[in-house]
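Asks: Residue numbers (our numbering), protein chains in the order written: chain Z, 126 to 516; chain V, 6 to 602. Glycine is no exception: its CB is placed at the ideal position from the N, C-alpha and C atoms. Quick one: the structure is below, questions incoming.
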Amino acid sequence: MTTLVNLNLITDLQKFGAAEINACMSCGNCTAICPLADNDATFPRRFIRLAQVGLTDDLVGSKELWTCYQCGLCTDRCPQEADPAEFMATARRYAIAHYDKSGIARIMYTKPVLGGAIALVAGLFFALFFAAVSGEQSKTSLKLFDFISYPVIHTVGIVLMAVVALFSLIGVVLLARDIARHDGVTWKSLFGSGAAWKRTGKALWYALGIESLGQKRYRQDCADDEPVVPLYRRRWLIHALTIWGFLGLLLATAIDYGMDMFGLKPTGTWVPLWYPVRLLGTIAGLSLMYGVTWFLITRWQKRADSEQHSLPTDWLFLGMLWVTGLTGFLIEVALYVGPAPMWGYWVFLIHVAVAMELVLFLPFSKFAHAMYRPVSLFFYGLARDKALQSV
Amino acid sequence: MSQIPAETAGDKPTSRPQRRIGVYICHCGGNISDYVDVDAVREALKDEPDVVVSESPVFACSDGTQHDMIDAIKDQNLDGLVVASCSPKLHQVTFRNVAKRADMNQYAYTQVNVREQDSWAHPHDHEGATQKAIGLVRAGVAKTRLSDPLEALVVQTEPRTLVIGGGIAGLRAAIGLANVGIEVVLVEREAELGGWVGTFGPTFPNNVSGAEEVAGLVAEIKSRRDITVYTRAELTGKSGSFGNYDVQVTAHRSDSDKVFEVRVGSIIVATGFDSYTPDEGEFGYGIDGVITLPDFKKLVDSSTGALSYNGRKVRSIAYIYCVGSRQGAGGNEYCSKFCCTATSHASLQVDKLDPSIRQFHLYRDIRAYGRNELLYNESRDGGSTYMKFADDDAPSVAKLPSGGLAVSVTDLLTDRRPLTLPVDLVVLVTGMVPRESKSLVDILKLPVGSDGFFNEIHPKLRPVETVVDGVMIAGCCQSPRTVGESVAAGLAAVAQSAALLKKGFAELDPLVARIDPEKCTGSGECLTACPYECITSIEWDGRKVAMVDPATCKGCGGCVPVCGQDAIDLLGYTDAQMRSAIEELITDAEPVKEPVA
Ligand SMILES: Cc1cc2nc3c(=O)[nH]c(=O)nc-3n(C[C@H](O)[C@H](O)[C@H](O)COP(=O)(O)OP(=O)(O)OC[C@H]3O[C@@H](n4cnc5c(N)ncnc54)[C@H](O)[C@@H]3O)c2cc1C
Ligand code: SF4
Ligand code: SF4
Ligand code: SF4
Ligand code: SF4
Numbered sequence: 126m127t128t129l130v131n132l133n134l135i136t137d138l139q140k141f142g143a144a145e146i147n148a149c150m151s152c153g154n155c156t157a158i159c160p161l162a163d164n165d166a167t168f169p170r171r172f173i174r175l176a177q178v179g180l181t182d183d184l185v186g187s188k189e190l191w192t193c194y195q196c197g198l199c200t201d202r203c204p205q206e207a208d209p210a211e212f213m214a215t216a217r218r219y220a221i222a223h224y225d226k227s228g229i230a231r232i233m234y235t236k237p238v239l240g241g242a243i244a245l246v247a248g249l250f251f252a253l254f255f256a257a258v259s260g261e262q263s264k265t266s267l268k269l270f271d272f273i274s275y276p277v278i279h280t281v282g283i284v285l286m287a288v289v290a291l292f293s294l295i296g297v298v299l300l301a302r303d304i305a306r307h308d309g310v311t312w313k314s315l316f317g318s319g320a321a322w323k324r325t326g327k328a329l330w331y332a333l334g335i336e337s338l339g340q341k342r343y344r345q346d347c348a349d350d351e352p353v354v355p356l357y358r359r360r361w362l363i364h365a366l367t368i369w370g371f372l373g374l375l376l377a378t379a380i381d382y383g384m385d386m387f388g389l390k391p392t393g394t395w396v397p398l399w400y401p402v403r404l405l406g407t408i409a410g411l412s413l414m415y416g417v418t419w420f421l422i423t424r425w426q427k428r429a430d431s432e433q434h435s436l437p438t439d440w441l442f443l444g445m446l447w448v449t450g451l452t453g454f455l456i457e458v459a460l461y462v463g464p465a466p467m468w469g470y471w472v473f474l475i476h477v478a479v480a481m482e483l484v485l486f487l488p489f490s491k492f493a494h495a496m497y498r499p500v501s502l503f504f505y506g507l508a509r510d511k512a513l514q515s516v
Numbered sequence: 006m007s008q009i010p011a012e013t014a015g016d017k018p019t020s021r022p023q024r025r026i027g028v029y030i031c032h033c034g035g036n037i038s039d040y041v042d043v044d045a046v047r048e049a050l051k052d053e054p055d056v057v058v059s060e061s062p063v064f065a066c067s068d069g070t071q072h073d074m075i076d077a078i079k080d081q082n083l084d085g086l087v088v089a090s091c092s093p094k095l096h097q098v099t100f101r102n103v104a105k106r107a108d109m110n111q112y113a114y115t116q117v118n119v120r121e122q123d124s125w126a127h128p129h130d131h132e133g134a135t136q137k138a139i140g141l142v143r144a145g146v147a148k149t150r151l152s153d154p155l156e157a158l159v160v161q162t163e164p165r166t167l168v169i170g171g172g173i174a175g176l177r178a179a180i181g182l183a184n185v186g187i188e189v190v191l192v193e194r195e196a197e198l199g200g201w202v203g204t205f206g207p208t209f210p211n212n213v214s215g216a217e218e219v220a221g222l223v224a225e226i227k228s229r230r231d232i233t234v235y236t237r238a239e240l241t242g243k244s245g246s247f248g249n250y251d252v253q254v255t256a257h258r259s260d261s262d263k264v265f266e267v268r269v270g271s272i273i274v275a276t277g278f279d280s281y282t283p284d285e286g287e288f289g290y291g292i293d294g295v296i297t298l299p300d301f302k303k304l305v306d307s308s309t310g311a312l313s314y315n316g317r318k319v320r321s322i323a324y325i326y327c328v329g330s331r332q333g334a335g336g337n338e339y340c341s342k343f344c345c346t347a348t349s350h351a352s353l354q355v356d357k358l359d360p361s362i363r364q365f366h367l368y369r370d371i372r373a374y375g376r377n378e379l380l381y382n383e384s385r386d387g388g389s390t391y392m393k394f395a396d397d398d399a400p401s402v403a404k405l406p407s408g409g410l411a412v413s414v415t416d417l418l419t420d421r422r423p424l425t426l427p428v429d430l431v432v433l434v435t436g437m438v439p440r441e442s443k444s445l446v447d448i449l450k451l452p453v454g455s456d457g458f459f460n461e462i463h464p465k466l467r468p469v470e471t472v473v474d475g476v477m478i479a480g481c482c483q484s485p486r487t488v489g490e491s492v493a494a495g496l497a498a499v500a501q502s503a504a505l506l507k508k509g510f511a512e513l514d515p516l517v518a519r520i521d522p523e524k525c526t527g528s529g530e531c532l533t534a535c536p537y538e539c540i541t542s543i544e545w546d547g548r549k550v551a552m553v554d555p556a557t558c559k560g561c562g563g564c565v566p567v568c569g570q571d572a573i574d575l576l577g578y579t580d581a582q583m584r585s586a587i588e589e590l591i592t593d594a595e596p597v598k599e600p601v602a
C-alpha cells in the first residue's frame, strides 16, 4: 500500500521552528546517541525523515514524539548541525496545533503578534470582567470573596473548564486513536482478558506514576552525558518540582473546595500556617515557583540546547504560571500582614484573571504537553511490555 | 642504403665484416639466476663468434652496469649489444639509450627475454631453462650480427592543427594552440559555436553563465588571425601522414557546398556528446509534464520569477536520476558523471526562483564528487528532499485524473515505504551518450570503445592521444565529463600537439617495411594487406612497383609474408636476421652455416 505524501508538511512544520532541519541527511548519529531511543524507537532520525518526506499522520500520531525530553545530546552530535532536538520540540508543537481543532494553538505558535494580542485581550477580558462584577473592598480585614464573589469565580471556572475539557478531550482522543491505529492497539488488546487488563494497568502506572510523577527516564537516562550540573538546577529536578508544585496546588484547591462543600471549612477563611491543606498549598506553591523561576532564568540565559529557541508562547506559558504563583503568595502575605492592605484586592484580581487564562490556554500552548505526554507514554508503556504484547 | 644481401649473411664468418658484440646476461636479482645458471650461459656465449664481451651483472639495468656497458662499448669498440634480461616492454628503450650514449647505433641492440619467457616459465627445470637461455641468447647474437646501422626517420611537421568540434573543449583548445604559436583550423558542424555549454545559463561549480563563458571564448577566437573557423562544416577527407595530414573540409552553404583543403600537423577531435533520449514510456516519458534534464535546464534558465511549464504553474518537482546511465549489461553501463551535480545545481536555481517549490530527488547514488558535494549539501539545506531507490526497484510515473503526475517510489531512507508523490513536473535526469559520428570515425580511423565513446591509448599516462599518430581526443567525445574536465583534456591535447609540432620535425622509428623494387613484380598483393594503407603503387624504372610510405608504416609486419617474391623486408627484423636467429635457437651449439635466401 502506497502512501500519498503531503507536499507541504515540511514547509508548514518549519513555521513552528526547526529552521536547520533540512540539513539532516539521515545519518542516524542522533539515534545512536539518544539515551531514550530504544531498539525499535528510531527517533529522532526517523521522525525527521517523516517530516521531510511529508508523512503527516505518521509524524503527529507517533507516541515517540512525546518520549523525548529534549536533552539536546542529539543536537550536540549531529554532524550536519541540523538541530534534531529542536526538531523534536517543533514536531511536538506541530502536533499540539494539529490536534487543536480550534486553530488557536496554530496562531499562538506561528503568529506571535496576533497570538500575543489574543493572550492580552483574554487577560484583559478576565481582569475587566472580574473588576466589573467586583463588590466592596472591606478596609478592616481582607475580605477577598466580598470583593469578587466566590460563586462568580467558581462559575467562571467551571465554564472555562468545560470549554477547555472539550478541546482537550478532542485532542487527547484523536491522538490516542491515531497512536492506537498505528500501533495496532484495540479495545480487545487493552481489556479483552485478564492479562490484557494487567498490561493496561501496568502501562498506566508506567505513564502516570513512573514517568509523569517519577520522571524516571528523564532523571536517569537524560542526565547521562550532561556536564555535571549541580542538583539544584538539574533540568529533571526543575521540571519535576514544577509538576509536583502544580499538582500539589491543584490538590490543595480541590481539598479546600471539598471541605467547603462538606461544610468543614469555608473557603478563604483564616487558618494557621501548619493547617495541613494550607501547608500543602504553601509547599506546592514554593516548589512551583522554584521550578518556574529556574525555567525562566535558564531560558533567558539559553543554558541548554533545549533553551536555545524559545517561542513567545513558551514565555507566555511560563510567565502566566509564574505570575499565578507569585500573586498567590502575595495574597498570602496580604492576608497575614495585619491591617488589610488595599493592594491585596488588586493582586487577587490579577491572580484570578491570570489563573483563568492559564486554564483557558491549556490546549493551545506548551501546557498541552501535560495531557499528550501521558497519553503517549501509556502507549509507549504498552509497547515496552513485550512479554504481553501478544494478548 | 640497402641491406646486406641475404645470400651473404651468415656465410662463413670471414665473408662479411667481423662484428664486435657485447653480451650481458642479467641475474635480475634472482628472478633469473635462481632458475637459470647465469654463469653457464655467460661461459657458453664467450666463445661464440663475434662475441667480444660476455658478462653476467646482478642488475643489468642498474646505473653502475649501464656505465660499465658504455665503457665496454667504447673501450672494446663494440658495434653490437645483446642484453638477456626481462621483457623488451620494460627495458628495450633503456638499453637502446645505453647504446646511444656510447655512440653506438641503437638499432644494433637486441633484447633477449630470459625472464618472462624462460626463468619464470620453467622454475622446475633449471637445466632446461639454462639450455633454453643459451639458445635464446645465441639467437639474439645472430640477429645482432646481421643488424644494419639504421637511422631514425625524420619528417617535417606542419605547425597547424585541425580542431574538430567547436564546443567548449574545442574552443579552449583552439586558443591554447594559437597561444603556443600553432595555427588552428576549427571546424564546427552547427551554425553556432559553443556546443552544449553555449546554450546554458548558470552552470556549476561557479554559477557563471555557460553562454557568457562561450561568448568570451568566441570573441577571443574572432580577434585571432591565426585561428580560422568554419561553421556548418565537416571533415570529409584525410590523406598524408602524421605531421603532414592533408585534410578536406566541406562547408555546407545555402547555395552549394564549399570544399577546402588544408595541410595540418595534428588533429584534435572534440565532437562532444548527445543527451540520452528516453524511450517512449520510459519513466513516463511522453506524458505531458515529464521532461529531460536538458529541457528542464532550458526551462529554468529562461524563467524569471515563477516557474511554469506549458502555462501551468509548477509547485512541485520530482527528479529521477540515472536515466540512460548505469543501465547494466547491454545498456549504457557507465555513470554520466555530470548529472548528479547538474541536477543539484538546477534545483538550487529553482530555489532561487521560488523557494516554496517542493523538490524531490529520487536517486540511486549521489555522485556529486569532490567539491560538488557542497552543492548537493546546499540543495538539501534549501529544502530539497533526496530519496534513495533500490537498483531493482525503479520509480514509476503515472498521470493523475486531476491532471497532475504521480511518482511512485520505495524510499530506502523512509523504512522502505512505498510512497506516492503528487507533483507537477517530472525531470528525467538523462545522461550522456556518444554522438553519431560514423563518417568521422571512418575518415580518421578513430578507435571507438565498446561504450561508443572514443578511446585513448592509455587512460592514465596517455589520456588524450589515440593509436592514430597525431590524432588526439578531448572533451566529452571521449567519455562523460564536466566542463572543467573537458577543457583540461582540450589543453592536454594542446600540449601534446605542441610536443609533436613545435620542433618542426618528428623522428620516427626506422623499423618499417621496405620493398625492394628490383624484386617487386608489381603484383599488388601487399596493397590491400596493410591495415594502415601505407603501401601504394608507383612507377619505377618504367614499371609498376609497390612502395611503403615509411612515415605511416607501423612496422607491424603484416605485409611481409604476403609477398610472393619475398620483396618486402622489415628493417630491424629482416628475413635474414630472423632466419639466422631461428637457426641458432634450434641447432645444437652448431654455428649457423647457411641461412637460406
Ligand atoms: C543539461 C546539462 C547541464 C550541464 N551542466 C553543466 C554544468 O553546470 N557544469 C559543467 O561543468 N558541465 C555541465 N554539463 C556538461 C557539459 O555540457 C559538458 O562537459 C560540455 O558540454 C563538454 O564540452 P565538449 O566541447 O566536449 O562537447 P559539446 O558541448 O558537445 O561540443 C561539441 C561540439 O562539437 C560539434 N560537433 C559534433 N560532431 C561534429 C562533427 N562531426 N564535426 C564538426 N563538429 C562537430 C557539436 O556541434 C558541438 O558544437 C551539463 C550537461 C548537460 C546536458
Ligand atoms: S539529525 Fe543530524 S545526526 Fe540525526 S540523522 Fe539527521 S544529520 Fe544525522
Ligand atoms: S533531545 Fe535527547 S531525548 Fe530528544 S531525541 Fe535528542 S537525544 Fe533523544
Ligand atoms: S552522475 Fe549521478 S545521475 Fe548521473 S549517471 Fe552518475 S550517479 Fe547517475
Ligand atoms: S609493416 Fe605493417 S604498417 Fe608497414 S607497410 Fe607492412 S603492413 Fe603496413
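Measuring alpha carbon to alpha carbon, tell me which of Val431/V, Asn184/V, Pro423/V ends up nearest glycine 409/V.
Replies: Val431/V
Asks: What's the call for histidine 463/V, buried or exposed, on a 16-neighbour Cβ count within 10 Å?
Replies: exposed
Asks: To the nearest angstrom, how far is it from the Cα of aspartate 16/V to the Cα of proline 22/V?
Replies: Confidence at aspartate 16/V is low in this model, with a pLDDT of 44, below 50, so its placement is unreliable and the value that follows should be read with caution. Straight-line Cα distance between these residues: approximately 11 Å.
Asks: Would you call leucine 141/V buried or exposed, if buried means 16 or more other Cβ atoms sit within 10 Å of its Cβ?
Replies: Result: buried.
Asks: Under the criterion of a Cβ to heavy atom distance below 6 Å, does methionine 213/Z qualify as lining ligand 6?
Replies: The ligand content of the structure shown is limited to ligand 1, ligand 2, ligand 3, ligand 4 and ligand 5, which means ligand 6 is not among them.
Asks: Mind checking which residues open and close the beta strand (DSSP E) that includes arginine 165/V?
Replies: 165-169
Asks: In chain order, what residues of the stretch 200-216 of chain Z put their CB closer than 7 Å to some CB of chain V?
Replies: Using a CB distance below 7 Å, no part of the stretch 200-216 of chain Z faces chain V.
Asks: Residues in the same chain with beta-carbon distance under 6 Å from threonine 97/Z, minus the five sequence neighbours each way, listed in chain order, please.
Replies: The requested residue 97/Z is not part of the displayed model; chain Z covers only 126 to 516.
Asks: Between the alpha carbons of proline 423/V and leucine 190/Z, how many angstroms are there, rounded?
Replies: 23 Å
Asks: If we ignore side chains and look at the alpha-carbon of each, how far apart do tyrosine 357/Z and leucine 372/Z end up?
Replies: 20 Å
Asks: Of all Cβ atoms in chain Z, is any one closer than 7 Å to the Cβ of proline 62/V?
Replies: The C-beta of proline 62/V comes no closer than 7 Å to any C-beta of chain Z.
Asks: Could you tell me the distance, in whole angstroms, from the CA atom of aspartate 262/V to the CA atom of valine 254/V?
Replies: 10 Å
Asks: Hey, quick one: how far does the alpha helix (DSSP H) through glycine 495/V stretch, first residue to last?
Replies: 488-506
Asks: Answer yes or no: do serine 92/V and glutamate 48/V have a C-beta to C-beta separation smaller than 7 Å?
Replies: no
Asks: What span of residues does the alpha helix (DSSP H) with lysine 94/V cover, start to end?
Replies: Judged by DSSP secondary structure, lysine 94/V falls within the alpha helix (DSSP H) whose first and last residues are 93-106.
Asks: Valine 189/V and threonine 166/V look like a contact to me (Cβ under 8 Å); what is the Cβ gap, rounded to whole Å?
Replies: 6 Å
Asks: Measure the alpha-carbon distance for serine 515/Z versus valine 328/V and round it to whole angstroms.
Replies: The predicted position of serine 515/Z is uncertain, since its pLDDT is 45 and thus under 50; no value can be drawn from it.
Asks: Could you confirm whether any beta carbon from chain Z is found closer than 7 Å to the beta carbon of aspartate 396/V?
Replies: The beta carbon of aspartate 396/V does not come within 7 Å of any beta carbon belonging to chain Z, so the residue lies off that interface.
Asks: Along the beta strand (DSSP E) that carries threonine 392/Z, what are the first and last residues, could you check?
Replies: Where threonine 392/Z is concerned, there is no enclosing beta strand (DSSP E), given that its DSSP letter is neither H nor E.
Asks: What does arginine 376/V reach in chain Z if we use C-beta pairs closer than 7 Å?
Replies: Within 7 Å Cβ-Cβ: nothing; arginine 376/V doesn't reach chain Z, min ~17 Å.
Asks: Going by DSSP, which residues form a beta bridge with aspartate 574/V?
Replies: Arg519/V
Asks: Assuming leucine 176/V and leucine 240/V are in contact, meaning their beta carbons sit under 8 Å apart, how far apart are those beta carbons, in whole angstroms?
Replies: So it is not a contact: roughly 17 Å between Cβ atoms.
Asks: Can you check the stretch 215-290 of chain Z for any alpha helix (DSSP H) of at least 4 residues that lies completely inside it and give the ranges in chain order?
Replies: Those alpha helix (DSSP H) runs which fall completely within the stretch 215-290 of chain Z and span 4+ residues are 229-235, 237-257, 269-272.
Asks: Under 7 Å, do tyrosine 497/Z and leucine 300/Z count as touching if we go by C-beta distance?
Replies: Against a cut-off of 7 Å, the Cβ pair of leucine 300/Z and tyrosine 497/Z comes out as a contact.
Asks: Among Cys481/V, Asp359/V, Cys535/V, which has the Cα closest to the Cα of glycine 563/V?
Replies: Each of Cys481/V, Asp359/V, Cys535/V was checked against the Cα of glycine 563/V, and the nearest Cα belongs to Cys535/V.
Asks: Listed in chain order, which residues of the stretch 138-151 of chain Z have Cβ atoms closer than 7 Å to some Cβ of chain V?
Replies: Asn147, Ala148, Met150, Ser151
Asks: Strictly under 7 Å for the Cβ-Cβ distance: is arginine 174/Z near chain V by that measure?
Replies: yes
Asks: Let me know if glutamate 266/V comes out buried or exposed under the rule of 16 or more other beta-carbons within 10 Å of its beta-carbon.
Replies: exposed
Asks: Helix, strand or coil, according to DSSP, for tryptophan 545/V in the structure here?
Replies: strand
Asks: To the nearest angstrom, report how far apart threonine 282/V and glycine 333/V are at their CA atoms.
Replies: 17 Å
Asks: Got a sec: is the Cβ-Cβ distance from glutamine 177/Z to anything in chain V below 7 Å?
Replies: yes
Asks: By the criterion of Cβ-Cβ separation under 7 Å, what are the contact partners of threonine 127/Z in chain V?
Replies: The CB of threonine 127/Z comes closer than 7 Å to the CB of Ser413, Pro423, Leu424, Thr425 in chain V, given here in chain order.
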